[in-house]
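Numbering-wise, the numbering used here comes out as the position in the sequence shown, counting from 1, plus 1376.
Ideal Cβ placement from N, Cα and C applies to all residues, glycine included.
Here the structure is a predicted model, which means the values were calculated and not measured.
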Amino acid sequence: MELSELGLDSQLAEQASRLCKAGLRLARVTAVDRGRYVVRDERGEVPAETTGKFLYHAETSVDMPCVGDWVCVQYHDADTFASIHDVVPRRSFLRRKSPGKNIDFQMIAANIDTAFLVQSCHFDFNVRRLERYLVMVNEGHIAPVLLLTKTDLVSADELARMVASIRAAGITARIITLSSETGEGVDEVKTLVVPGKTCCLLGSSGVGKTTLINLLLGKGELETRSVSVTGEGRHTTTRRHLFMLDNGGLMIDMPGMRELGILSADEGLDDSFADITALAGQCRFADCSHNNEPGCAIRKAIDSGELNPAHYQSYLKLKAESGFNEMSYVDKRKKDKAFGKMVKSVLKQKR
């Protein structure tokens, strides 16, 4: 196997050649579970851990390895274990605000080409959640594709209304409708999962991610469990991991995410709400607040029915959330740096 089959492209290879010094080899992180890693190169997979020097220089959680990262490693114990010395700069990434009250980034995965945003037509469909996923994906420079699963559990009219509501929200990403019972849409997904390219599945627990992977594999390799009376599959995936499909495509499976906090995602917001961004550029005043100013293109679009008010309110909510979290994050970083300087000063005085 060559590293290109694991997703290495010319851009990543060039960066890795400058970063991986003598004695280090290039490998890809295929699994992360509570600070433990698995890396893979041409020869296979081995467990790995970060070096003390790496941890010392890692300023934030963003600097830590995540699934899909390319890393410079040194092998030990007859190539049965590896130590991670550095992370190659990411070509694309998927991150969110850390769950709970902690204001920090959580890296989810990296170097992804296509993100499949999965929602069940039967119990999970939510346009506002789709918008959150789109912000995360667009911020990380990943191509989004929407997958609507379990279409056999809704009528054709219901499905049409769901698709219409997605388009009404200004979402232009490709939509694929899927049914594991009838096989609808599976072949269309297969055309997007190609050798040497990395895809990921994003969605709540039980929407059919593992079932889809099994359909792509053509066998029941990943564990699935019975479905509840609501049509919701019970949670099965417990860790993020990358694996290769039979056709050479690379897939990252990950647990369902209950919290999708937005942090410092201006680019993702502009790309995900491109219709609103374009309208704002047509306002008479550059600093228009889109309230009562004359010549406001956004107010005009809402009044005429061109712009869905719920879509605009979602944009305002996500923008405010991103801005608030960013200010809190910057404040936290300042405090962390001040504390770090104090600790280093104390240690220096003790020497």
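Given residue i as reference, the closest of the options once Cα atoms are compared
| i | options | result |
| --- | --- | --- |
| A1519 | A1458, Q1482 and Y1509 | Y1509 |
| F1492 | L1522, H1498 and N1514 | L1522 |
| K1693 | H1433, A1641, N1487 and D1500 | A1641 |
| D1622 | V1447, L1592 and G1637 | L1592 |
| H1498 | K1397, G1582 and R1675 | G1582 |
| V1562 | S1541, S1580 and G1584 | G1584 |
| E1702 | K1429, E1418 and K1473 | K1473 |
| G1624 | L1655, C1664, E1643 and L1568 | L1568 |
Beta-carbon gap between residue i and residue j smaller than 9 Å
| i | j | result |
| --- | --- | --- |
| L1554 | L1588 | yes |
| M1630 | I1484 | yes |
| L1388 | R1467 | yes |
| C1513 | L1470 | A quick correction: the sequence has Val, not Cys, at residue 1513. Going by C-beta atoms, V1513 is nearer than 9 Å to L1470. |
| V1511 | L1400 | no |
| S1580 | I1638 | no |
| R1675 | N1684 | no |
| A1458 | A1424 | yes |
| H1617 | V1494 | no |
| V1464 | D1439 | no |
Counted within 10 angstroms of its Cβ, other Cβ atoms place residue i as buried (16 or more) or exposed
| i | result |
| --- | --- |
| P1441 | buried |
| L1431 | exposed |
| S1680 | exposed |
| E1778 | What is shown of the chain runs 1377 to 1727, which leaves residue 1778 out entirely. |
| A1403 | buried |
| R1550 | exposed |
| D1409 | exposed |
| G1383 | buried |
| S1496 | buried |
| N1502 | exposed |
| T1436 | exposed |
| A1392 | buried |
| S1386 | exposed |
| T1490 | buried |
Run of the alpha helix (DSSP H) containing residue i, from where it starts to where it stops
| i | result |
| --- | --- |
| I1351 | The structure shown does not extend to residue 1351, since the chain is modelled only from 1377 to 1727, so the question has no answer here. |
| V1511 | V1503 to E1515 |
| E1564 | V1562 to K1566 |
| T1558 | It is not in any alpha helix (DSSP H) - T1558 carries neither H nor E in the DSSP assignment. |
N- and C-terminal bounds of the beta strand (DSSP E) containing residue i
| i | result |
| --- | --- |
| D1409 | R1401 to D1409 |
| S1459 | F1457 to V1463 |
| I1652 | Not the beta strand (DSSP E): I1652 falls in the alpha helix (DSSP H), residues A1650 to A1656. |
| A1673 | Note, A1673: premise wrong, no beta strand (DSSP E); alpha helix (DSSP H) at A1673 to S1680. |
| A1491 | T1490 to S1496 |
Proximity test, residue i beta-carbon vs the ligand FAD heavy atom, cut-off 8 Å
| i | result |
| --- | --- |
| V1513 | The model depicted lacks the ligand FAD and carries no ligand whatsoever. |
Exercise. Evaluate contact between the region 1532 to 1552 and the region 1569 to 1576, counting only Cβ atoms and requiring at least three cross-stretch pairs below 8 Å.
Key: The region 1532 to 1552, when compared against the region 1569 to 1576, does not touch it at the 8 Å Cβ threshold.
Pairing CB atoms from the region 1524 to 1540 with CB atoms from the region 1661 to 1681, are three or more of them under 8 Å? no
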